[in-house]
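Visitor:
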Amino acid sequence: MDFGGDFGVDLQSRLLEPLDALHGPRDPAAFRLCLVVPQSGALGMTGPSALDAALLAAHEVNAGGGIDGYGRTAAGATGAARPGPVRSAERRLELVLVDGGRAPSAVAAEVAGLVGAGVVEAVAGFHASDVHRAVEPVVSGRVPYVFTPPHEGGGRLPGVVCTGVDPEPQLAGAVAWLTRRHRVRRWALVGNDYIWPRAVHGAARRAIGRAHAEVVLESWVPLGGVGPALQRLVEGLRRRRVDAVLVSLIGRDLVRFNRGLRHSGLDHRLTRLSGALEENGLLALGGDDTGGLYACMDSFASLTEDRALALTERHRALFGSSAPVLDAYARGLYDGVHLVAALAARGALLPDDRLPLTVRRLLHGTDPVARRAWRSAPLGPSHPRMHLARAEGAELRVVRSFPLSSRSPVPDASSPAPNTSIWK
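Under full-length UniProt numbering, residues 1 to 424 are what the sequence shown spells out, in order.
(1) Just grab the DSSP bridge partners of E121 for me.
(2) Only counting the same chain, and skipping five residues up and downstream in sequence, which positions put a Cβ closer than 7 Å to that of D130?
(3) In three-state terms, what does DSSP make of P418?
(4) Indicate the three-state DSSP secondary structure (helix, strand or coil) for residue 431 in the structure shown.
(5) Reducing DSSP to helix, strand and coil, say where T304 ends up.
(6) Would DSSP call A394 helix, strand or coil?
(7) To the nearest whole angstrom, what separates the beta carbons of L396 and F300, a pair I think is in contact under 8 Å?
(8) For the alpha helix (DSSP H) containing F126, name the first residue and the last one.
(9) Put A211 into one of helix, strand or coil per three-state DSSP.
(10) For the beta strand (DSSP E) containing A244, name the first residue and the last one.
(11) Who are the near neighbours of P85 in its chain, counting only those whose CB is closer than 6 Å to its CB and skipping five residues on each side?
(12) For a quick check, are the C-beta atoms of L223 and A42 less than 8 Å apart?
(13) Which partner residues of E60 appear in the DSSP bridge assignment?
(14) Where does the unbroken beta strand (DSSP E) through residue 425 begin, and where does it stop?
(15) Looking at C-alpha atoms only, which residue of R14, V61, G24 and L56 is the closest neighbour of A344?
(16) Going by beta-carbon coordinates alone, are G332 and F126 separated by less than 8 Å?
(17) What is the C-beta distance between V184 and A244, in whole angstroms, given that I count them as a contact (C-beta under 8 Å)?
(18) Does the beta-carbon distance from L249 to N192 come in below 8 Å?
(19) Please name the residue, chosen from P38, V111 and R239, that lies closest to R142 on a Cα-to-Cα basis.
(20) In or out: L16 buried (at least 16 other Cβ within 10 Å) or exposed?
(21) Is the number of C-beta pairs between the stretch 22–39 and the stretch 302–313 that are closer than 8 Å three or more?
(22) Pick out whichever of A174, P149, P38 and L56 has its Cα sitting closest to the Cα of C162.
(23) In chain order, what are the residue ranges of uninterrupted alpha helix (DSSP H) at least 4 long that sit wholly in the stretch 283–330?
(24) Applying the 10 Å Cβ sphere with the 16-neighbour rule, what's the burial state of P38?
(25) Check the C-beta distance from E121 over to R32 and give it rounded, since I have them as a contact under 8 Å.
(26) Determine the direct distance from the alpha carbon of A117 to that of P351, and round the result to whole angstroms.
(27) Exposed or buried, which one is R239 when buried takes at least 16 other CB atoms within 10 Å?
(28) Out of L326, A213 and G100, point me to the one whose CA is closest to L133's CA.
(29) For the ligand ZN, is there a heavy atom less than 7 Å away from the beta-carbon of G320?
(30) Please specify which runs of the alpha helix (DSSP H), each continuous and at least 4 residues long, are wholly inside the stretch 124–161, giving them in chain order.
(31) Could you give the C-beta distance for residue 489 and V216, rounded to a whole number, given that I count them as a contact under 8 Å?
(32) Where does V165 sit, in a helix, a strand or coil, going by DSSP?
(33) What distance in whole Å lies between the Cβ atoms of A328 and E278, which are believed to be in contact at a cut-off of 8 Å?
(34) Suppose you measure from the CA of P19 to the CA of E218; what does that come to, to the nearest Å?
(35) Going by the DSSP bridge assignment, what does V111 pair with across the sheet?
(36) By Cβ distance, which residues of its chain are closer than 7 Å to L404, with the 5 residues on each side in sequence left out?
Shown next as structure tokens:
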């Protein structure tokens, strides 16, 4: 597929459907990455943004000479230069798109088919954690798997690494600040009934306790089930005299819940915090001007840091000003694709227990070779912090930022890697 932008720069990054990857002709020198991104389902609204980010990253890799020539780009550390035309490359990066918004078993089966046929060399993506846990066992020990969004924490199987943040550092600063700022005493927890929200609620209870407040209500909703449950949820919030709600619903369910609060009038009374709300979801909601809707993520489009601005500029140069906003999920996936390329270029993309340690060293270590490898990405390495943003119309404006305090030092070569999150 060929894509173009408004600035006269062509994006020539090959995007394949699974059937084409399985049965079509293949360039034997190409490096194929299975990209698992929601194109349907609860998180489908975030798919176009994430796909843009992955295509941009793949184009930048190929513009630098492909996997083998990774790092030969004209852009400096801030990425001020726009990506130029793709040069011929010995190992061009190609993407094979799998819709990660379907049932976990369906996604896992399709990924397993691609891996089993030997037509992809690695897997990367963002998708819900129930999908992630279904994909994990079918790829472990066969090809590396880089999972980029916020996640529930805990260990992973060999060859699987999580680059997103887990609930403890994501929530701790935001819950403490909101509890003080809005004088919250009575919190409610409302989430979808699967693994990530359950981990979020556990971390939230601990953070709320440290802030000397209490949880007075906890409600679970099946994925896609907010509509039928909305009256029950609203009545529960009123009955328990809730001051604030931690909302761990995702995608369309998150949008429907906030619409329901708007219709009930509770949106003006309740402080709301979400670890899954991003700009595309806020647009789907129609914006919010109550001053009480917050999101905590490691990136927002409103950030004015050099790296964030440079990524926005490069995205617009290729896709135009009408392209979807690059939300936190998309930005994490952009970094994930570059990470895969950097690892592959150095023969370090291995489907075993060495992968998490290698990734930690690559992103946070002081080894000169590792640091040069990541700096070869046009925008350089990411140095994420947690940000708390408030909805102001159709934008999320950062009001506070917090260090990722739970990030551990990079282990030495003899240290075990008990957890495949790079932040633990």
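Every residue gets a Cβ at the ideal spot worked out from N, C-alpha and C, and that includes glycine.
Guide: Let me spell this out:
(1) For E121, which the question treats as bridged, DSSP gives no partner whatsoever.
(2) P104, Y194 and I195
(3) Reliability of the predicted coordinates at P418 is poor, the pLDDT of 41 falling under 50, and no value is obtained from them.
(4) This structure does not reach residue 431, given that the chain is present from 1 up to 424, and the question cannot be answered.
(5) coil
(6) coil
(7) 5 Å
(8) No alpha helix (DSSP H) holds F126; DSSP gives it neither H nor E.
(9) coil
(10) A244 to S248
(11) Here the model assigns P85 a pLDDT of 44, short of 50, so the residue's position is not dependable, and the following value carries that caveat. Excluding positions up to five away in sequence, the list is empty.
(12) yes
(13) Bridge partners of E60: none, in fact.
(14) Residue 425 lies beyond the range of the chain shown here (1 to 424); nothing can be said about it.
(15) V61
(16) yes
(17) 4 Å
(18) yes
(19) V111
(20) buried
(21) no
(22) P149
(23) 306–319
(24) buried
(25) 6 Å
(26) 16 Å
(27) exposed
(28) A small fix is needed here, since residue 133 is Arg in this sequence, not Leu. Minimum Cα distance to R133 is reached at G100.
(29) Because no ligand of any kind appears in the structure shown, any question about the ligand ZN cannot be addressed here.
(30) 129–139
(31) This structure cannot speak to residue 489, because the chain is shown only from 1 to 424.
(32) coil
(33) 5 Å
(34) Going by the sequence as given, residue 19 is Leu instead of Pro. If I take the Cα positions, the gap works out to 43 Å.
(35) Bridge partners of V111: none, in fact.
(36) V165, P169, P384, R385, M386 and W423
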